[in-house]
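Below: the structure, in C-alpha cells.
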DNA sequence: TGCCTCGCACTTTTT
DNA sequence: GTGCGAGGCA
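In the working numbering, the protein residues as written are 49 to 726.
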C-alpha cells in the first residue's frame, strides 16, 4: 500500500518534493519507477492535487504502460482518471488533434511512419531528378529527420558542402514537407516539431496546456533531444513543477539527437532546483553490479557515481562461447530449460537481449522448436508486413482520403488491372489540375490517353473506396465493417491466388485476419473507438495492450526477446546478453560514423544491469552473414569485466547437420530432462 | 499496358 | 534473407 516510509531517505525526499524543479539522478535499479509512482501517489493523496493536472512522459509505450499499471496498483484505478501518462509522441498527437487546424492541417491527419516516409522521399527525389541508386532514400530521410529533431525547418537547413547526401537532402527536404502537407500527413518527427511550433506560435494553446498540466514528470530525461527538450520546457514554463529523472550512464539515443547535456545542464536551466541522487541498487547481485561498474567506468565523460548494493555477491557471470549463431541459440535455450527446472522458475523470468533485431530470428526458431512460449518485443514486425500494410491502407484511405501513399498501395491490390502506367498518367493530370489524386480517380473520364476499359476499372475502384468510406461514417462495429470490407475486396482469395506456397499464403491470410482481431480488441477496450484512434495507435506502435494476439499472450508465461534499447527500464531475474562480439556490440556502424563507442558501452551497461539474479553472456566464433560463415572476434567490452567474476563455458562440438539429426538430439535432450524430473 | 522475373544492395538502435 | 528498381515478355 501507499506508505512513504517504505522508501529510503533520498527516494523519499524526491517523492515529497512536489513544488518547483527537481532533478533525480537515478542509477540503474535504484528504484526510480518506485519514486515516480510514489510521487504521484503523494501528489494525489496527500497534496490533494487533481489527477488531470498530472502529466508523466516516457519514451516507450512499454515504459508508459508499466508506469500506469504501477500507479493504478498504488492508488486505485478510479483516482487516476484524467491523469496523462504517455510517450512524447502520444502526448504530441493529443495536443495536435485538438488544434492542428491552426497550422493548416485537417484534424483527420495521418501519421506517416518509416515506409510511408521513404515513399515520399523517393517521390521528392524524383522531382529533383536524383536517381535512386546513388543516394538511397534512407540516407536522405536520415538527414531530414536529424534536422527536424533539431527543430530546423526546410528554409533554415544548411547542408555541409562536403556531404553529397546532405546536399541532396537539403533539396529534398522542402519538397518532402510539401508532399506531406498535400497528403494531410505528418511524420513521426513532425509530431514533436509541429507541437512545439503550435505551442510557440499560439499563446492561448500554450496557456491551455500549461494550466492543464501543473505537475510534470519526465522519465529517462537523458534521452531527450532538442525538440523534446523544448516541448517540455514550454509546458513547464509557467508553474515550473517539473521533475526529471534520468541517468547519464544510460543515455543510448544519441543517434536520434538525444543530448545528455539536457540532463547535465538541468541545474543551470532551473536555478535553485533540488537535486537528489539515488545510488543504492536494489536490483542486481554484487557480481552483476561490479561487472557493470567496471565496464561503465571506461567512459570518461560522465557524472561520477558509485552504485552499491547490500544484497549478496550472487553467482558468477557465465560466459558461453558457441561455434556459430545456431549453436548460440540452442545453448541459450538449453540453459533456459535447465535453470527453469533447477530453480523452479517461470519462462517469464528469462530475457534474451540483443543489439540488433535481426539477431532474434535464430532464438525464435530454437524456442519454437522446443515449444517454449516467447514474446518478441518491438521490431515493427507485424504491421510492417506487406499484406498487412496493404490491407491496412484501405482503412487509412477511408480515414484520410488525401493519404496518397496508402492510396497508391491499394489502387491495384487486389489486382484489378490498373497498372503503373495508368496511375502515372492520372497522377500527372492531378498535378496539372492541382486536384487531389483521389479526386482525379473520380474524374478519370476527363483524362486523355487512358483507354475505356481501364477508365471503367478506375471508376469502379473510386466507387468502391467512396462507398466504403460512406459505410465507415456510421459509428460502431468497426471490426465487423472491416471484416465485411476485406471479404468484399477478396483479399484472401488474392493472397491464395498470387502466392505459390500454400503455407505462406495461409500465414498471410491469418495476418490480415489479425488486423480484424486487433480492431475488435481495441473496440472492446476503448469506448467510442474510432478508426483514426486505431490507426494512430498502430502508427505509434502503441497497440500491444489491446491487440487480440497479445491479449492471449499477455499474462502468458513466456520468455522475453528484445533489443537492448527496448530493455531499458526493465528487469529480469535471468538475462542472456547474446552476440557479445565486435561489430555487434559495439556495432560496426556506430564506429564507422566517426562516433565514439561510449554510447555502445552504455548500451552494454544497460544490458548487464537488467539482470537481477544471474547474467549469461554469449558469443560466437563464427556467424552466418549473407549465407557465408565469417569469423568473429569477442567484444572489447569483455576485457573490461574482471575475470574473477566470470565462469567460462565452451559450446559442444556436437552439431546437427540435418533435420533428422536435430530431431534426434532434441529427443535425446527431452529424454534426459524427463529422467531428471522423474 | 500490365505483369513477372531477375539482379542487386542492404541489415543499428525507436516513436 | 528482403525489397527495391529495371528490363523483358505476354
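Note that beta-carbon positions come from the ideal geometry of N, C-alpha and C, so glycine has one too.
{"Query": "Going by alpha carbons, who is nearest to residue 140 out of 107, 655, 125?", "Result": "107"}
{"Query": "Based on DSSP bridge pairs, tell me the residues matched to residue 356.", "Result": "328"}
{"Query": "Using DSSP bridges, identify the partner residues of residue 399.", "Result": "608, 623"}
{"Query": "So, are the CB atoms of residue 425 and residue 663 less than 8 Å apart?", "Result": "no"}
{"Query": "Near residue 590, which residues of its chain fall below 7 Å by C-beta distance, leaving aside the five closest residues on each side in sequence?", "Result": "109, 138"}
{"Query": "Could you check the C-alpha separation between residue 596 and residue 573 for me, to the nearest Å?", "Result": "Note that residue 596 has pLDDT 39, beneath the 50 cutoff, so the model's placement of it is unreliable and the number below is only indicative. The straight-line gap from Cα to Cα measures roughly 11 Å."}
{"Query": "May I ask you to list the residues that DSSP assigns as paired with residue 158?", "Result": "233"}
{"Query": "Taking the C-alpha atoms as reference points, what is the distance between residue 91 and residue 273?", "Result": "28 Å"}
{"Query": "Out of curiosity, what's the CA-to-CA distance linking residue 471 and residue 507?", "Result": "13 Å"}
{"Query": "Within this structure, are the beta carbons of residue 19 and residue 269 separated by less than 8 Å?", "Result": "The chain is shown only over 49 to 726; residue 19 falls outside these bounds and no answer can be derived."}
{"Query": "So which of 567, 512, 476, 526 has the shortest CA-CA distance to residue 538?", "Result": "512"}
{"Query": "Can we say the segment 181-200 touches the segment 611-618, given the rule of at least three CB pairs closer than 8 Å?", "Result": "no"}
{"Query": "One question on the structure: do residue 628 and residue 690 come within less than 8 Å of each other, judged by their Cβ atoms?", "Result": "no"}
{"Query": "Pick from 414, 393, 320: whose alpha carbon is nearest that of residue 373?", "Result": "414"}
{"Query": "For the beta strand (DSSP E) holding residue 673, just list the boundary residues, first then last.", "Result": "670-673"}
{"Query": "Out of 485, 280, 54, state which residue places its alpha-carbon closest to the alpha-carbon of residue 254.", "Result": "280"}
{"Query": "Kindly list the residues whose CB is nearer than 7 Å to the CB of residue 361, restricted to its own chain and excluding five residues on each side of it in sequence; keep chain order.", "Result": "333, 334, 335"}
{"Query": "Label residue 594 either buried or exposed according to how many other C-beta atoms from any shown protein chain fall within 10 Å of its C-beta, with 16 as the threshold for buried.", "Result": "Reliability of the predicted coordinates at residue 594 is poor, the pLDDT of 41 falling under 50, and no value is obtained from them."}
{"Query": "Are three or more beta carbon pairs between the segment 118-132 and the segment 285-294 nearer than 8 Å?", "Result": "no"}
{"Query": "Taking the continuous beta strand (DSSP E) assigned at residue 439, which residues delimit it?", "Result": "Looking at the DSSP string, residue 439 is not in any beta strand (DSSP E); the run it does join, the alpha helix (DSSP H), is 434-447."}
{"Query": "Using three-state DSSP, classify residue 682 as helix, strand or coil.", "Result": "strand"}
{"Query": "Within 8 Å, do at least three Cβ pairs link the segment 404-411 to the segment 434-442?", "Result": "no"}
{"Query": "Hey, how far is the Cα of residue 527 from the Cα of residue 550?", "Result": "26 Å"}
{"Query": "Between which residues of its own chain and residue 308 is the CB-CB distance below 7 Å, once the five residues before and five after are set aside?", "Result": "270, 296, 299"}
{"Query": "Would you kindly check if the distance between the Cβ of residue 346 and the Cβ of residue 743 is under 8 Å?", "Result": "Not covered by the structure: residue 743. The range shown for the chain is 49 to 726."}
{"Query": "Rounded C-beta distance between residue 671 and residue 678? I'm assuming under 8 Å.", "Result": "6 Å"}
{"Query": "For the candidate residues 116, 560, 246, 127, whose alpha-carbon lies nearest to that of residue 267?", "Result": "116"}
{"Query": "Span of the alpha helix (DSSP H) holding residue 85?", "Result": "80-93"}
{"Query": "How is the alpha helix (DSSP H) around residue 112 delimited, first residue to last?", "Result": "109-123"}
{"Query": "Alpha carbon to alpha carbon, how far is residue 632 from residue 389? Give it in angstroms, no decimals.", "Result": "31 Å"}
{"Query": "Given a threshold of 16 other Cβ atoms within 10 Å of its Cβ, counted over all protein chains shown, does residue 54 qualify as buried or as exposed?", "Result": "exposed"}
{"Query": "Look up residue 263 in the DSSP assignment and say whether it is helix, strand or coil.", "Result": "strand"}
{"Query": "Between which residues of its own chain and residue 600 is the CB-CB distance below 6 Å, once the five residues before and five after are set aside?", "Result": "Residue placement at residue 600 is flagged as unreliable, the pLDDT there being 43, under the threshold of 50; the coordinate-derived value follows with that caveat. The answer is none, since no qualifying residue turns up."}
{"Query": "Quick one: what's residue 696 bridged to in DSSP?", "Result": "367"}
{"Query": "So for residue 320, helix, strand or coil by DSSP?", "Result": "coil"}
{"Query": "Any chance you could list the alpha helix (DSSP H) runs of at least 4 consecutive residues sitting entirely within the segment 550-592, in chain order?", "Result": "550-573, 579-587"}
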